[in-house]
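Residue numbers (our numbering): -12 to 248.
No residue lacks a Cβ here, since even glycine has one placed at the ideal position from N, Cα and C.
All values reported here derive from a predicted model rather than from experimental measurement.
Below you'll find the structure, written out as structure tokens, and then a few comments.
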């Protein structure tokens, strides 16, 4: 028998019915997924990890029979091996590329990764997350991303400096000064500015979430910590902007060396 609760206003009854329908749909979907999972288990192995079974279920729902192939291709070692294979083909001895263009390719690749990372993080990812995430969630996410962002930038800068100095026969070309300046700005963020700004940010979150503190005391502490955070965050942003200016300057230098046919 079906129990029908028609008490209350029309809006309340409709809301209860929609909630009940959604619950029924969720139960049906769960049973269907479990049924597919039971059929997938023999294919992936009884002791397969849950993530692998979940991927297989998704593939089964899409009608794919390639259960094991997708996780294998999406693994980091396979991607690195593919890149190594492409480089090995491009740099094969009969082309002469090893002798003439290997250093240039490494330099340009490192520069592309660096410039793309800086532009994406500064003008796209950061702004998008700031506008669409709760403030504290955004801050916690940035605290995880920034060390990787600055670390990747520093690594690419070191590669560019090494290839530039190597191409110049071990001497220090003037164009390397711009890269060295950007590297110094990036290292300043890694060692001092970003860690300090993140530390103050988490202290500020702790005060915001603390219960039992007087309203006036909390407001005064948050105001002081906001000014402190703004100072360190501003210096970090300025340092990042200086590094970006160095990237644009180096792009201008490279453009003078290239010919687009």
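May I ask which residues mark the beginning and end of the alpha helix (DSSP H) holding residue i?
i, result
"residue 245", "Here residue 245 belongs to no alpha helix (DSSP H), and DSSP marks it neither H nor E."
"residue 111", "First-last for residue 111: undefined, no H or E at that position."
"residue 196", "181 to 196"
"residue 160", "Premise fails: residue 160 is in no alpha helix (DSSP H) and is neither H nor E."
"residue 105", "89 to 107"
"residue 121", "Where residue 121 is concerned, there is no enclosing alpha helix (DSSP H), given that its DSSP letter is neither H nor E."
For residue i and residue j, what's the separation of their Cα atoms in angstroms?
i, j, result
"residue 185", "residue 221", "12 Å"
"residue 216", "residue 151", "38 Å"
"residue 233", "residue 125", "28 Å"
"residue 212", "residue 120", "22 Å"
"residue 95", "residue 226", "23 Å"
"residue 133", "residue 182", "9 Å"
"residue 159", "residue 144", "15 Å"
"residue 123", "residue 162", "41 Å"
"residue 239", "residue 194", "47 Å"
"residue 245", "residue 91", "11 Å"
"residue 247", "residue 156", "26 Å"
"residue 178", "residue 131", "15 Å"
Residue i and residue j: beta carbons closer than 8 Å?
i, j, result
"residue 242", "residue 140", "no"
"residue 236", "residue 165", "yes"
"residue 173", "residue 137", "yes"
"residue 180", "residue 219", "yes"
"residue 191", "residue 170", "no"
Output needed for residue i: all residues of its chain with C-beta closer than 8 Å, excluding positions within five of it in sequence on either side, in chain order.
i, result
"residue 167", "148"
"residue 82", "Note that residue 82 has pLDDT 46, beneath the 50 cutoff, so the model's placement of it is unreliable and no number is given."
"residue 113", "129"
"residue 100", "139 and 143"
Residues in the same chain with beta-carbon distance under 6 Å from residue i, minus the five sequence neighbours each way, listed in chain order, please.
i, result
"residue 117", "125"
"residue 102", "234"
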